[in-house]
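Student: Got a structure for you, written out below as structure tokens; questions coming shortly.
In my numbering, the protein residues as written are 45 to 580.
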């Protein structure tokens, strides 16, 4: 019922998430009280636990959005856009650099729907049709979602979905193993995503509507996939899953830009949008770059992301700083006396605090005025309102869902009951089903983090009942949640609004549905092979 209610309210009735999720919370609480016959104290404790977890997630979201607003207000994003314009005139290569690798970098650094809203305007400024820019930006935001906002889908999503104490090394070790397994799957499945992006570009958004120009850049498209995925895996091994997407995307950017400037594997001819008319039946404008009163040098524009990386690395690898940032910990054991419903929060160790520190450093680095600084905090505070409401409802709903055991009805927890039914129905082909479960979660909840939080317990329960590796099952679900990000209603609406395509959401989803289906189906096939022959 919690899942169906979200589907009906958010997707079918098209209510905003800020309304749909609170209603779903109420329905879930009613279900738990009258059908599962849970004690009111247990339900209340689960809700309070969810609210604390929601605050920890909101702290990260606030920092991520604030960082992006700081980059926009201070001119950093505009300078980065200018740098991209000068690299290559070929839109196919621009897809790989901006649409694929820069999106991966932004996803790793910020997440929460920001990559597409940042990349789509960049692509439009480079001369892309608005509909093409939106579809490319959304479809490219898949592989790096594993690492979104410095590891939030694993840390907050799976971590809280399984009620792990993420302050403990063994919990981080387990989450890292899931992330690494997901990246290995993506090395196979995601290998063709950059090529599919270009294939969509030349087939649907050109006057000729031909796939031939896409095959002209197939070699460099495959390279673009590998220069992200291999470094992402290695960076995760070296520094942890907080850094895989951000540093993997950045490493890939450096390599591919260098290859483009030296002409390595570049196409012999430049392909253009010549003669194409976009979905709004308006001629394309010439590529332009909006400049403010001053243009930041490239090193200064990219410096905030380097500062963020340094803050994260130092606080996680230097013992003194690690102990200092973790010295403040809010512990809530056995909330309202209910054994097992506990939570804790280390606010100064959180990526949210690292974002805030980076914002402050950027204010000085980019010589931002006091009015710009206040504008950043004002827009960030106002912009997080809907997300905060959604978090404050969806996380408690998930916690009731998870902590629904020991009720008077004699039923197992909701995930366990679901797992039993799912194992009976789909147990033999669970590797094929798990990615679809993850994708459904992202689609209806608006976030891969929420999807992981909702279904991790279900996935591990099914995996245990059918004798499948929990790590593999979770990685399959996580990969599916990443794919669901392409068609996530909230992301589509957000990027459509910044590209001037409100009202075209249905058209956008029809395009992004194709790469989403490929990714989910391919992930399922890879999972079956792994579960059958390699991982038991």
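Where a beta carbon is used, it is the ideal one built from N, C-alpha and C, also for glycine. Only a predicted model underlies this, so the values are computations on that prediction, with no experimental measurement involved.
Measuring only the C-alpha atoms, how far is residue 505 from residue 515?
Tutor: Roughly 12 Å between the two C-alpha positions.
Student: Which runs of the beta strand (DSSP E), 3 residues or longer, sit entirely within the segment 450 to 538?
Tutor: DSSP runs (the beta strand (DSSP E)) wholly in the segment 450 to 538: none.
Student: Assuming residue 339 and residue 123 are in contact, meaning their beta carbons sit under 8 Å apart, how far apart are those beta carbons, in whole angstroms?
Tutor: 6 Å
Student: Is residue 374 helix, strand or coil when you go by DSSP?
Tutor: strand
Student: If I follow the unbroken beta strand (DSSP E) through residue 388, where does it start and stop?
Tutor: 387 to 389
Student: Am I right that residue 524 and residue 478 are in contact with their C-beta atoms under 8 Å? What's the rounded C-beta distance?
Tutor: A Cβ-Cβ distance of about 6 Å is found for the pair residue 524 and residue 478, placing them in contact under the 8 Å criterion.
Student: My parser needs the alpha helix (DSSP H) runs of 4 or more residues fully inside the segment 109 to 154; what are they?
Tutor: 120 to 129, 135 to 138 and 147 to 153
Student: Please list the segments of the beta strand (DSSP E) lying wholly inside the segment 200 to 258, counting only runs of 3 or more residues, in order along the chain.
Tutor: none
Student: Among 77, 144 and 76, which has the Cα closest to the Cα of residue 185?
Tutor: The shortest C-alpha separation from residue 185 is found at 144.
Student: For residue 366, does the three-state DSSP call read helix, strand or coil?
Tutor: helix
Student: Evaluate residue 377 with the Cβ neighbour count: other Cβ atoms within 10 Å of its Cβ, from every protein chain shown; 16 or more gives buried, anything less gives exposed.
Tutor: exposed
Student: I'd like the span of the alpha helix (DSSP H) that includes residue 567, first residue to last.
Tutor: 549 to 573
Student: With distances taken between CB atoms, is the gap from residue 155 to residue 100 smaller than 8 Å?
Tutor: no
Student: With a CB to CB cut of under 6 Å and the five nearest residues on each side skipped, what residues in its chain are close to residue 375?
Tutor: 388
Student: Would you mind stating whether residue 177 and residue 382 have Cβ atoms separated by less than 8 Å?
Tutor: no
Student: Measure the alpha-carbon distance for residue 538 versus residue 161 and round it to whole angstroms.
Tutor: 7 Å
Student: Secondary structure at residue 430, three-state DSSP: helix, strand or coil?
Tutor: helix
Student: Looking only at its chain, what residues have a beta carbon closer than 8 Å to the beta carbon of residue 453, apart from the 5 residues adjacent to it on each side?
Tutor: 79, 80 and 81
Student: Does the segment 425 to 438 come close enough to the segment 224 to 236 that 3 or more CB-CB pairs lie under 8 Å?
Tutor: With a cut-off of 8 Å, the segment 425 to 438 and the segment 224 to 236 do not count as touching, because too few Cβ pairs lie within range.
Student: Under a Cβ-count criterion, where at least 16 other Cβ atoms within 10 Å of its own Cβ denotes burial, should residue 367 be classed as buried or exposed?
Tutor: exposed
Student: Name the residue from 403, 423 and 355 whose alpha carbon lies nearest to the alpha carbon of residue 393.
Tutor: 355
Student: Where does residue 527 land, buried or exposed, given buried means 16+ other C-beta within 10 angstroms?
Tutor: With a threshold of 16 other beta carbon atoms within 10 Å, residue 527 meets it and is buried.
Student: Can residue 276 and residue 292 be called in contact, C-beta distance under 8 Å?
Tutor: yes
Student: Mind listing, in chain order, the continuous alpha helix (DSSP H) runs of no fewer than 4 residues lying wholly within the segment 255 to 311?
Tutor: 256 to 259, 262 to 283 and 288 to 306
Student: If we ignore side chains and look at the alpha-carbon of each, how far apart do residue 415 and residue 109 end up?
Tutor: The straight-line gap from Cα to Cα measures roughly 18 Å.
Student: CB-CB under 6 Å to residue 439, same chain, minus the five flanking residues each way: which ones, in chain order?
Tutor: Hits under 6 Å: 94, 97 and 98.
Student: With a CB to CB cut of under 8 Å and the five nearest residues on each side skipped, what residues in its chain are close to residue 252?
Tutor: 246.
Student: Take the Cβ of residue 350 as the centre, count every other Cβ of all protein chains shown within 10 Å, and call the residue buried at 16 or more, exposed below.
Tutor: exposed
Student: By how many angstroms is the C-alpha of residue 104 removed from the C-alpha of residue 202?
Tutor: 16 Å
Student: Can you tell me where the alpha helix (DSSP H) with residue 360 in it begins and where it stops?
Tutor: 342 to 361
Student: Is it right to say residue 411 is buried, meaning 16 or more other beta carbons lie within 10 angstroms of its own, or is it exposed?
Tutor: exposed
Student: Let me know if residue 290 comes out buried or exposed under the rule of 16 or more other beta-carbons within 10 Å of its beta-carbon.
Tutor: Buried is the call here.
Student: Of the residues 316, 470, 179 and 373, which one's Cα is nearest the Cα of residue 211?
Tutor: 373
Student: Flag this pair as yes or no: are the beta carbons of residue 140 and residue 263 separated by less than 8 Å?
Tutor: In terms of Cβ geometry, residue 140 and residue 263 do not form a close pair [threshold 8 Å].
Student: Taking the alpha carbon of residue 398 as the point to measure from, which residue in 380, 371 and 353 has its own alpha carbon closest?
Tutor: 353
Student: Could you please give the first and the last residue of the uninterrupted alpha helix (DSSP H) stretch that includes residue 409?
Tutor: Start and end: 395 to 409.
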